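In the numbering used here, the protein residues as written are -5 to 491.
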Ligand SMILES: [Zn+2]
């Protein structure tokens, strides 16, 4: 009830975005989205979590389903996992403080509409759960799937794992696979890239945990009770892409408000906490103006034990405690917040088209610097650095491995190394968007970003849809130009001449 009142009051705000209020985007998307309800208890001492999850799922395809697939991402951390293992050898040092540690997910039971149903754990590394539907699910019909599961949280500085300071719960629950093109997207975890592809869903998550811990969570807190040293929080989120939580006994929290959005910074060991909160404010305000209004009421920036620089989840981003350079720490905050627009609101299949959200997040980050001079970098310096490091990478790669496949439009699994993936997705990505801006003009480029956000909010885009939007919005026939970047035929040396 409280929630509905809050929405109504926002509807009366005079400022309307794309002809309707931003909250309308969330409300409208939530009406057709699936809903996860999860009740979970964290055992901090044993680093386990037991949970019961109910997914209200609507078959939005034309097919009839006799089963539904779920990703079991935590099994990428299990002993014996190979094909889909979450940590590569080169990452092991950053990942493990105390030697290799394993975790995973055990499925205890599955029900459809309250009745026990058969299920099987499948895939190369038990990375999939197949739940049989005793009653076939016809197009347009809704069913309730209930899954009880138990997590073992590994001692690893990763999306799912615990480190010296934080317990990270990212990609922790069975998430329903996307069904499109008459098939289920069942790809497993990979150590490179963000190997996830989720659609927008609603969440109500209840977590019971030791009161000595502080919880940072996606969504908005609905209620909190404490009894016998245990706290039970209920969080709700409408129309978000994934639901993550981080806990720590060491968290301090500082908060501020930007219009309707509360920004919280959860941190430990940070002498510049206030400045980092300000970076988050600057990023949110900049991208609100540049791309379109952030449609949610909360954004959590969370310092976490994490092997990469940062990680984006809806309403919540990890910033790695392994980033010790001040400028880089700020850069990670800006990049991860840019992902709230690119992947969070405008989604894409990150396994097939990682360059879309990473390229757009990097490009938005580059634009941030000209709009916020106090950060001491210009956009052209960022682009110049990207170009020289890309060319250096090509030279070195050529010497070590021979010919480089410089095409971008291909799945994560086709890149030979993490470095190759990073250069062709992030670095070449930012160079491509900057180059498109050179061709069509900066103000048209900004209109293209806004058009993408307006047209595909709460959906998932393909490269074709992205290119179409750019061509239509700019009024220029740039399809073959963008295609030449994606297929690798554009010669970057010419840009540096
Ligand atoms: Zn990113």
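Using N, Cα and C, we set each Cβ at its ideal position, and we do this for glycine too. Nothing here was measured: the structure is a model prediction, and the numbers come from that model.
Cα-Cα separation, residue i to residue j
i           : j           : result
residue 135 : residue 22  : 19 Å
residue 315 : residue 347 : 28 Å
residue 395 : residue 141 : 46 Å
residue 406 : residue 80  : 13 Å
residue 130 : residue 169 : 20 Å
residue 239 : residue 295 : 11 Å
residue 391 : residue 417 : 11 Å
residue 55  : residue 177 : 10 Å
residue 274 : residue 38  : 30 Å
residue 412 : residue 83  : 11 Å
residue 114 : residue 106 : 14 Å
residue 373 : residue 484 : 22 Å
residue 77  : residue 119 : 7 Å
residue 137 : residue 95  : 37 Å
residue 354 : residue 398 : 23 Å
residue 259 : residue 216 : 19 Å
residue 262 : residue 299 : 10 Å
residue 126 : residue 48  : 15 Å
residue 380 : residue 403 : 19 Å
residue 148 : residue 445 : 42 Å
residue 175 : residue 193 : 15 Å
residue 435 : residue 459 : 20 Å
residue 303 : residue 104 : 37 Å
residue 441 : residue 377 : 20 Å
residue 97  : residue 41  : 10 Å
residue 408 : residue 389 : 20 Å
residue 68  : residue 437 : 43 Å
residue 492 : residue 102 : The first residue shown for the chain is -5 and the last is 491, placing residue 492 beyond what the model contains.
residue 200 : residue 43  : 12 Å
residue 479 : residue 365 : 27 Å
residue 443 : residue 285 : 6 Å
residue 253 : residue 31  : 29 Å
residue 414 : residue 183 : 18 Å
residue 189 : residue 345 : 5 Å
Local Cβ density within 10 Å of residue i, reported as buried at 16 or more and exposed below that
i           : result
residue 432 : exposed
residue 422 : buried
residue 139 : buried
residue 297 : buried
residue 351 : buried
residue 309 : buried
residue 383 : exposed
residue 16  : Low per-residue confidence applies at residue 16: pLDDT is 48, beneath 50, and the placement is therefore not dependable, though the value from the model is reported in the following sentence. By the 10 Å Cβ count, residue 16 comes out buried.
residue 92  : exposed
residue 73  : exposed
residue 306 : buried
residue 469 : exposed
residue 196 : buried
residue 367 : exposed
residue 269 : exposed
residue 220 : exposed
residue 165 : buried
Identified DSSP bridge partners for residue i
i           : result
residue 304 : 313
residue 203 : 225
residue 297 : 313
residue 269 : For residue 269, which the question treats as bridged, DSSP gives no partner whatsoever.
residue 51  : 137
residue 230 : 198 and 214
residue 26  : Answer by DSSP bridge pairing: none, since residue 26 is not bridged.
residue 248 : 259
residue 144 : 44 and 100
residue 402 : Beta-bridge pairing links residue 402 to no other residue.
residue 177 : 174
Supposed contact pair residue j and residue i - C-beta distance, whole angstroms, cut 8 Å
i           : j           : result
residue 343 : residue 454 : 6 Å
residue 227 : residue 218 : 5 Å
residue 122 : residue 180 : 6 Å
residue 357 : residue 311 : Residue 357 to residue 311, Cβ: 18 Å. No contact.
residue 70  : residue 167 : With a Cβ gap of about 14 Å, residue 70 and residue 167 do not count as contacting.
residue 208 : residue 249 : Actually they do not touch by this definition, with Cβ atoms about 13 Å apart.
residue 171 : residue 64  : 6 Å
residue 162 : residue 89  : Wrong, their Cβ atoms sit about 12 Å apart, outside the cutoff.
residue 288 : residue 334 : 6 Å
residue 452 : residue 233 : 6 Å
residue 229 : residue 211 : 5 Å
residue 482 : residue 400 : 4 Å
residue 159 : residue 244 : 5 Å
residue 339 : residue 447 : 7 Å
Chain C within 8 Å of residue i, Cβ atoms only
i           : result
residue 153 : In the structure shown, chain C cannot be found, because there is only a single protein chain.
Practice problem: Jot down the residue ranges of each uninterrupted alpha helix (DSSP H) in the segment 58 to 134, minimum 4 residues, whole runs only, in chain order. | Solution: Listed in chain order, the complete alpha helix (DSSP H) runs (minimum 4 residues) inside the segment 58 to 134 are 86 to 89.
Self-check item: Length at least 4, wholly inside the segment 404 to 476: the alpha helix (DSSP H) runs in chain order
Solution: Runs found: 412 to 416, 422 to 434, 436 to 450 and 457 to 468.
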